[in-house]
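Number of protein chains: 2
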Amino acid sequence: MRVTPQRAHVWQILAESGAHLGAEEVWERARDALPGLELSTVYRALEALREANLVVESRLSEGPALFEANASSHPHLVCERCGGISHPEASPEVARGLLAALAAGSGGFEVRELHVVARGLCPECVRREEETVPVTDAS
Amino acid sequence: MRVTPQRAHVWQILAESGAHLGAEEVWERARDALPGLELSTVYRALEALREANLVVESRLSEGPALFEANASSHPHLVCERCGGISHPEASPEVARGLLAALAAGSGGFEVRELHVVARGLCPECVRREEETVPVTDAS
DNA sequence: CGGCTTCTGCTAATAATTAGCATCTGCATG
DNA sequence: CATGCAGATGCTAATTATTAGCAGAAGCCG
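Same order as they appear, the protein sequences are chains A and B. Numbering-wise (my numbering), the first sequence opens with residue 1 and increments by one. Numbering-wise (my numbering), the second sequence opens with residue 1001 and increments by one.
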């Protein structure tokens, strides 16, 4: 893969932020340094970086695909209320456990990449929910 | 949710095929019985069915979202070569294991829905790959 | 059966991503 | 260090997937 300022910046933005960003967000941030940058170039850069295993693409929720500067695919926790994305504390172990479980139960399928997305409530939103509806089951 | 012929057919198609279908595929099949059916209606029907927990929506690969008539979210195996989608033989156990692993490692996050997608090679394509490149590592 | 609400068909719009093409540029090589 | 060329970029336009708006039709509760 050829190294260009555009790709370097896209990569740097993802690496430094450590966040899950959509193509358009990356674009906005990158334009600070590269004013003429085109959105389509960002898409192509992200594709190149993904093929080079430098970023991971995932479609965690509705809307645009999100990119992250982390080669290993790991579990994601998506909060249905606030939309926040986090990683389980014990990501590596969890991932290993998941892989093992899958390998054992998938009969001949050769797993190369694992995407795990758990949807639910993040600790913060759980707390807020409990404040609003203090009773355990308010049917 | 109001029951209409359109929704009933959409549901029936997903239930009887047991497959992962995109909105457009559902539409094509449903038009046999309901010639005037609109694609946008199919989208709305799928949304209603999803909210009623009668179908599961997942974005397994590129392209359109796929719908399946199965309330419980379960692991998916997506073949990168042939695009085929299958379920691990031991789906329920695997899913249980995954949930347990996640619950243990996600520190206060309340998991409500779990999406697991393993990408790789299905047994068939593994075999075909071995025929083409018989040596284990052809570097 | 009547009425209120919800759904459908139809059309148009939006969002996200990809394609085409001329020009430019990283970089391997002489 | 100049040079050639594969590959990248900017720019524009097209596609794909999905949603929105609105008038008329049709479930379902009484």
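A virtual CB, placed ideally from N, CA and C, is assigned to each residue, including glycine. The structure presented is a predicted model; accordingly, all values stated were derived computationally and were not measured.
Contact with chain B by residue i, beta-carbon distance below 8 angstroms
i	result
H20 of chain A	no
E51 of chain A	no
G36 of chain A	no
C122 of chain A	yes
A48 of chain A	no
E130 of chain A	no
G109 of chain A	Correcting the residue identity first, residue 109 of chain A is Phe in this sequence and not Gly. Taking Cβ atoms only, chain B reaches closer than 8 angstroms to F109 of chain A, which makes this a yes.
R140 of chain A	The displayed coordinates of chain A run from 1 to 139. Any statement about residue 140 of chain A would go beyond what the structure contains.
A8 of chain A	no
A69 of chain A	no
A101 of chain A	yes
L66 of chain A	no
Within-8 angstroms CB hit, residue i to chain A
i	result
A1118 of chain B	yes
R1059 of chain B	yes
P1075 of chain B	yes
G1084 of chain B	no
S1040 of chain B	no
H1115 of chain B	yes
V1056 of chain B	no
P1088 of chain B	yes
G1063 of chain B	no
S1072 of chain B	no
Contact set for residue i: own chain, Cβ-Cβ below 8 angstroms, skip 5 residues either direction
i	result
A1138 of chain B	Its pLDDT being 40, under 50, A1138 of chain B is placed unreliably in this model, and the value from its coordinates should be taken loosely. Nothing listed; no residue qualifies.
L54 of chain A	W11, A69 and A71
T41 of chain A	Q6
A1095 of chain B	S1072, S1073, H1074, P1075, L1114 and V1116
Residue i - DSSP class collapsed to helix/strand/coil
i	result
H9 of chain A	helix
R31 of chain A	coil
N1062 of chain B	Looking at the sequence provided, one finds Glu at residue 1062 of chain B rather than Asn. Coil at E1062 of chain B, not helix or strand.
G1022 of chain B	strand
L77 of chain A	strand
R50 of chain A	helix
R1112 of chain B	strand
L1039 of chain B	helix
V1117 of chain B	strand
V1126 of chain B	helix
E68 of chain A	strand
E1057 of chain B	strand
S106 of chain A	coil
Beta carbon of residue i nearer than 8 angstroms to that of residue j
i	j	result
P1123 of chain B	G108 of chain A	yes
A118 of chain A	L1060 of chain B	no
L49 of chain A	H20 of chain A	no
V1026 of chain B	I1013 of chain B	yes
G1120 of chain B	V111 of chain A	yes
P1064 of chain B	A1023 of chain B	yes
L1034 of chain B	S106 of chain A	no
V1116 of chain B	V116 of chain A	yes
L46 of chain A	L1098 of chain B	no
Residues near residue i in its chain [Cβ-Cβ closer than 7 angstroms; skip 5 each side]
i	result
R31 of chain A	L37
E129 of chain A	L121
Same chain, Cβ closer than 6 angstroms to residue i, neighbours up to 5 away in sequence not counted
i	result
C125 of chain A	C79, R81 and C82
Y1043 of chain B	A1023
E62 of chain A	none
Worksheet item: Does the segment 1075-1091 of chain B come within contact of the segment 1101-1108 of chain B, defined as at least 3 CB pairs closer than 8 angstroms?
Response: Too few Cβ pairs lie closer than 8 angstroms, so no.
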